[in-house]
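A quick write-up on the structure given underneath.
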Amino acid sequence: MLGYAWKSLGWFLASVAVALGFLLVPLQVAAERKKLDRTVSEIAAAHRDIRALETEFDTRANLAQLEKWNGDTLRLTAPAATQFVPDAATLASMGLRQGDGSTEMASLVVPSLPDSAVKPAIPAVSTATASPVRVADAEASVAGAVAQVRDRAIASGKAQAVALLDRKLMSDSTIGDLLTGTRAEAGVRR
Amino acid sequence: MTALVARPLPPRRMTGQRHALVATAHVRLMMLMLLIAAGFCLVIGRIAMLGLLASPASAQGPNFGSLMRGDILDRNGEPLARTIEAWTIGVHPAQLLGDRHEIAEKLAAAMPEHDAAWFYQRLTLPVNFTYLERHASPDLVNRIHAIGEPALVFAQEPERLYPQTTMAAHVLGYIGPTAKDTRIMGRAGIEREFDQRLTDPNQRGMPIMLSIDSRVQAAMESELGRAMTSFKAKDATGVVLDVNTGEVIAMVSLPVYNPNKLAGTGVDALRNNVTQSVYELGSTFKPITMATAIDSGVVTSMSRRFDATEPLHVGGFTIHDDHPQKRFLDIPETLIHSSNIVTARVADEIGKDRLAAMFTALGFGERPTIELHERAGPIWPTYWARTTVMTTGYGHGIAVTPLHLANAYATLVNGGIWRPTTLLKLAPGKAPAGRRVLSEATSARMRQLLRLVVTQGTGRKGEAPGYRVGGKTGTAEIAGAGGYSKRANVSTFAAAFPMDAPRYVVVAMLDSPVGNAESSGQTTAAWTAAPVVSRVISRTGAMLGVLPSNSRDVDVSELMPLLWHAPGEDSADPE
Numbered sequence: 175m176l177g178y179a180w181k182s183l184g185w186f187l188a189s190v191a192v193a194l195g196f197l198l199v200p201l202q203v204a205a206e207r208k209k210l211d212r213t214v215s216e217i218a219a220a221h222r223d224i225r226a227l228e229t230e231f232d233t234r235a236n237l238a239q240l241e242k243w244n245g246d247t248l249r250l251t252a253p254a255a256t257q258f259v260p261d262a263a264t265l266a267s268m269g270l271r272q273g274d275g276s277t278e279m280a281s282l283v284v285p286s287l288p289d290s291a292v293k294p295a296i297p298a299v300s301t302a303t304a305s306p307v308r309v310a311d312a313e314a315s316v317a318g319a320v321a322q323v324r325d326r327a328i329a330s331g332k333a334q335a336v337a338l339l340d341r342k343l344m345s346d347s348t349i350g351d352l353l354t355g356t357r358a359e360a361g362v363r364r
Numbered sequence: 003m004t005a006l007v008a009r010p011l012p013p014r015r016m017t018g019q020r021h022a023l024v025a026t027a028h029v030r031l032m033m034l035m036l037l038i039a040a041g042f043c044l045v046i047g048r049i050a051m052l053g054l055l056a057s058p059a060s061a062q063g064p065n066f067g068s069l070m071r072g073d074i075l076d077r078n079g080e081p082l083a084r085t086i087e088a089w090t091i092g093v094h095p096a097q098l099l100g101d102r103h104e105i106a107e108k109l110a111a112a113m114p115e116h117d118a119a120w121f122y123q124r125l126t127l128p129v130n131f132t133y134l135e136r137h138a139s140p141d142l143v144n145r146i147h148a149i150g151e152p153a154l155v156f157a158q159e160p161e162r163l164y165p166q167t168t169m170a171a172h173v174l175g176y177i178g179p180t181a182k183d184t185r186i187m188g189r190a191g192i193e194r195e196f197d198q199r200l201t202d203p204n205q206r207g208m209p210i211m212l213s214i215d216s217r218v219q220a221a222m223e224s225e226l227g228r229a230m231t232s233f234k235a236k237d238a239t240g241v242v243l244d245v246n247t248g249e250v251i252a253m254v255s256l257p258v259y260n261p262n263k264l265a266g267t268g269v270d271a272l273r274n275n276v277t278q279s280v281y282e283l284g285s286t287f288k289p290i291t292m293a294t295a296i297d298s299g300v301v302t303s304m305s306r307r308f309d310a311t312e313p314l315h316v317g318g319f320t321i322h323d324d325h326p327q328k329r330f331l332d333i334p335e336t337l338i339h340s341s342n343i344v345t346a347r348v349a350d351e352i353g354k355d356r357l358a359a360m361f362t363a364l365g366f367g368e369r370p371t372i373e374l375h376e377r378a379g380p381i382w383p384t385y386w387a388r389t390t391v392m393t394t395g396y397g398h399g400i401a402v403t404p405l406h407l408a409n410a411y412a413t414l415v416n417g418g419i420w421r422p423t424t425l426l427k428l429a430p431g432k433a434p435a436g437r438r439v440l441s442e443a444t445s446a447r448m449r450q451l452l453r454l455v456v457t458q459g460t461g462r463k464g465e466a467p468g469y470r471v472g473g474k475t476g477t478a479e480i481a482g483a484g485g486y487s488k489r490a491n492v493s494t495f496a497a498a499f500p501m502d503a504p505r506y507v508v509v510a511m512l513d514s515p516v517g518n519a520e521s522s523g524q525t526t527a528a529w530t531a532a533p534v535v536s537r538v539i540s541r542t543g544a545m546l547g548v549l550p551s552n553s554r555d556v557d558v559s560e561l562m563p564l565l566w567h568a569p570g571e572d573s574a575d576p577e
């Protein structure tokens with residue numbers, strides 16, 4: 175009798191387990207489906223956001239506004255007929271006429287480097303090498319003077335290095351900017 | 003003595019009877035249990051159904067789909083009209099908890115376009131609900147939310163937005179309710195014409211692609227707007243038309259309105275002058291008359307000369323030239339000097355039937371064919387007297403819309419095929435076949451003649467370097483009470499480019515311009531409308547795929563010997 179009871183309990187538990195197992199499958203499916211739905215709705219929301227942002231951008235940058243900005247600051251104009259090249263041969267022939275002055279290259283338009291920007295670097299080196307002698311002679315305020323001199327030497331050395339290394343890579347005006355920058359820094363430290 | 007009082011025994015039921023009662027009770031209990039079980043099953047089943055089948059609440063959201071309208075795009079896919087979800091801020095005045103003055107102050111601080119008094123008035127309205135702001139930014143909504151008043155409510159509502167504001171307003175139209183009809187639907191332009199298509203659930207996902215090129219439209223609007231302001235013109239119109247397909251690339255009517263904000267718009271601004279207003283377009287009709295003469299064999303030789311030595315007197319009328327040459331003029335010279343006298347003589351030779359037939363063939367007898375509801379019928383002469391034939395030859399006595407004129411010019415230069423104009427982008431190669439109005443040879447001749455008018459004649463200021471423009475000026479006096487006004491005129495320049503293989507027609511028209519220093523005090527088309535066309539072509543020609551070239555042009559060498567120049571002739575003598 176007792177054995178029979180255990181047996182039926184066992185059957186009961188087993189069937190419950192199986193039933194639960196069967197129940198879990200659709201639950202899992204439902205959960206996945208919900209996740210998918212959520213993703214789909216997120217995508218839809220993202221699309222809506224993209225659309226709203228696009229529309230906002232289009233509205234803020236509408237053609238009337240762009241024209242106004244162009245008129246205020248950029249002042250770009252439509253290219254003239256002479257700026258169009260009909261075929262590759264004409265384009266190639268433009269390079270051939272380089273010497274006669276009819277074609278102006280962009281580099282000619284860039285403001286050229288003023289002479290004074292480069293030249294002072296060399297006297298700066300000479301003073302730097304000269305001054306330790308003076309300092310040794312006077313033996314007054316040694317620390318400060320040495321510091322000054324080192325700064326100057328470093329500054330002029332840097333300027334030279336920049337000039338030597340990058341003259342080929344950068345335009346003259348860029349190097350000019352760099353040089354002015356280093357000189358200005360050196361001046362401040364002094 | 004003990005007396006026992008016993009409760010009298012109830013009469014005992016029979017055993018069978020008791021069994022039956024128990025059985026009934028069992029049956030009832032069973033039924034009750036089944037009912038309860040069924041109830042549980044129902045609830046569990048419903049829960050299972052919901053769990054398995056229902057979509058998450060977040061996925062449903064507010065369903066804008068049913069309220070959406072389709073987008074309207076230009077030919078390059080730039081949005082011209084869209085429906086977006088805009089935040090609206092409203093209030094239930096009766097449900098306000100906080101101090102109304104305080105809330106009004108805070109609202110005014112957040113929305114500076116109205117003052118606190120205005121908001122206080124809104125907060126005390128005796129209504130259940132009222133709007134405070136229709137087009138709020140999410141940021142503004144957050145700030146209003148921070149006030150913490152539960153009676154202030156927010157909602158996202160679909161809203162029609164025209165990102166380019168006033169651009170192409172007359173083409174797009176607007177939506178909204180009217181005084182008689184409270185439904186929000188298209189009330190003008192494309193919005194009205196394609197209302198069904200834009201709101202149809204099956205079709206609104208597909209945007210409508212217009213033939214308009216927004217860059218060209220913007221250039222035309224800015225140039226025309228500048229000219230209109232400069233010359234204090236009453237209104238101005240501009241059309242750019244593809245000559246080979248009939249697609250309208252730009253359609254401008256000024257003054258313009260903002261479809262985003264219609265309140266306070268005048269009737270003048272709402273009218274689309276390109277399709278709704280008719281004008282006597284004057285000398286721009288002369289090339290049409292000449293084309294008719296050439297095509298019908300009235301004029302077989304370009305060198306045929308007509309008498310323009312003195313004004314022409316016909317039936318009480320006198321036809322003058324604005325710039326009398328006082329000599330015999332051949333056909334190219336007639337167009338270059340824009341001679342009314344010679345054109346009238348040619349029209350007289352053509353005769354009523356052939357001229358009217360040509361006007362009919364060019365569509366001047368009916369409203370312009372375009373996908374707009376706002377179209378006006380031309381004013382056609384009621385009686386064709388001999389003088390009527392003569393005057394219509396140079397564009398007086400017949401009034402058509404600027405779109406009619408643009409399409410007629412397209413026919414003149416495209417090889418002689420008339421096609422209906424359209425605002426919808428056509429797929430490549432899907433242009434309508436159209437109908438032949440002029441012969442190929444006549445059209446080729448017209449290209450030469452129109453180019454000559456620009457290089458040698460009244461249209462010089464319409465030239466755009468490299469784009470080989472050809473066209474004709476027209477300065478018509480405005481008919482009013484008591485005859486034609488000598489003061490006010492309609493200045494038109496109708497042009498096509500590039501003349502060696504025409505692609506586009508550009509028409510610009512200024513109504514009643516006032517001369518100023520820029521135009522040397524002139525109000526004629528050469529000084530007012532032609533520069534607009536020149537600038538528009540210079541700005542947009544390359545975008546439209548026309549490569550400017552100074553080495554190409556239509557061959558006019560055979561006509562050049564026909565032009566006679568007076569010694570010391572002033573080359574700048576535009577009509």
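Chains A and B supply the protein sequences, listed in that same order. Numbering-wise, the numbering used here puts 333 at position 159 of the first sequence, and it's gapless, one number per residue. Numbering-wise, the numbering used here puts 553 at position 551 of the second sequence, and it's gapless, one number per residue. All C-beta atoms in this analysis are idealised placements derived from N, C-alpha and C, irrespective of residue type, glycine included.
Where the beta strand (DSSP E) through V87 (chain B) begins and ends: The amino acid occupying residue 87 (chain B) in the given sequence is Glu; Val does not appear at that position. Here the beta strand (DSSP E) through E87 (chain B) covers 81-93.
Cα-Cα separation, L283 (chain B) to T239 (chain B): 12 Å
Inter-residue spacing [alpha-carbon to alpha-carbon] between P380 (chain B) and A263 (chain A): 52 Å
Contact list for P203 (chain B) against chain A, beta-carbon separation under 7 Å: Under the 7 Å cutoff, chain A gives no residues; its nearest Cβ is about 17 Å from P203 (chain B).
4 or more residues per run - each alpha helix (DSSP H) lying fully within the stretch 251-337 of chain B: 269-272, 275-278, 288-298
Buried/exposed call for N130 (chain B), threshold 16 Cβ in 10 Å: So N130 (chain B) counts as exposed.
L248 (chain A) beta carbon near the ligand GTP (any heavy atom closer than 7 Å): This structure simply doesn't include the ligand GTP, nor any ligand for that matter.
DSSP-derived helix/strand/coil call for H116 (chain B): coil
Buried versus exposed call for E135 (chain B) [16 or more other C-beta atoms within 10 Å across all chains shown]: buried
N- and C-terminal bounds of the alpha helix (DSSP H) containing L154 (chain B): DSSP places L154 (chain B) in no alpha helix (DSSP H) but in the uninterrupted beta strand (DSSP E) bounded by 154-163.
Uninterrupted alpha helix (DSSP H) stretches inside the stretch 228-266 of chain A (no shorter than 4 residues): 237-243
Close beta carbons around R437 (chain B), own chain, < 6 Å, minus the five adjacent residues each side: W420.
Beta-carbon proximity check, R71 (chain B) vs L154 (chain B), cutoff 8 Å: no
Delimiting residues of the alpha helix (DSSP H) encompassing A412 (chain B): 404-415
C-beta atoms of N416 (chain B) and V245 (chain B) nearer than 8 Å: yes
Runs of alpha helix (DSSP H) wholly within the stretch 124-201 of chain B (minimum 4 residues, chain order): 140-148, 171-174, 191-195, 197-201
Residues within the stretch 77-101 of chain B neighbouring chain A, beta-carbon criterion of under 8 Å: Residues of the stretch 77-101 of chain B with a Cβ closer than 8 Å to any Cβ of chain A, in chain order: E80, P81, R84, I86, E87.
The stretch 152-170 of chain B contacting the stretch 111-124 of chain B, beta-carbon criterion three pairs below 8 Å: no
Cross-strand partners of S559 (chain B) (DSSP beta bridge): Per DSSP, none; premise fails for S559 (chain B).
Counted within 10 angstroms of its Cβ, other Cβ atoms place A531 (chain B) as buried (16 or more) or exposed: buried
For S493 (chain B), three-class secondary structure by DSSP: Under the three-state reduction of DSSP, S493 (chain B) is assigned to strand.
Coarse secondary structure for R222 (chain A), derived from DSSP in three states: helix
9 Å Cβ cut-off: residues of chain A touching P550 (chain B): P253, A254, A255, T256, Q257, F258
Where Y506 (chain B) sits in the DSSP three-state scheme: strand
Interface partners of A510 (chain B) on chain A, CB under 9 Å: Using a Cβ-Cβ cut-off of 9 Å, A510 (chain B) is close to nothing in chain A; its nearest Cβ partner there is about 17 Å away.
Three-state secondary structure (DSSP) of T301 (chain A): Low per-residue confidence applies at T301 (chain A): pLDDT is 37, beneath 50, and the placement is therefore not dependable, though the value from the model is reported in the following sentence. T301 (chain A) falls in the helix class under three-state DSSP.
L599 (chain B) versus B:P289, B:A27, B:A503, residue with shortest Cα-Cα distance: Not covered by the structure: residue 599 (chain B). The range shown for chain B is 3 to 577.
Inter-residue Cα distance where the pair is S341 (chain B) and D246 (chain A): Taking the straight line joining both Cα atoms gives about 44 Å.
Under 8 Å between C-beta atoms of A496 (chain B) and Y411 (chain B): yes
Ranges of the beta strand (DSSP E) found wholly within the stretch 431-489 of chain B, counting only runs of at least 3: 472-482
Close beta carbons around I86 (chain B), own chain, < 8 Å, minus the five adjacent residues each side: P160, E161, L163
Assumed close pair V538 (chain B), P500 (chain B) - CB separation to whole angstroms, cut-off 8 Å: About 14 Å separates the CB atoms of V538 (chain B) and P500 (chain B); that is not less than 8 Å, and the two are not in contact.
Buried/exposed call for N552 (chain B), threshold 16 Cβ in 10 Å: By the neighbour-count rule (16 or more Cβ atoms within 10 Å), N552 (chain B) is not buried but exposed.
Beta-carbon gap between T277 (chain B) and R377 (chain B) smaller than 8 Å: Yes.
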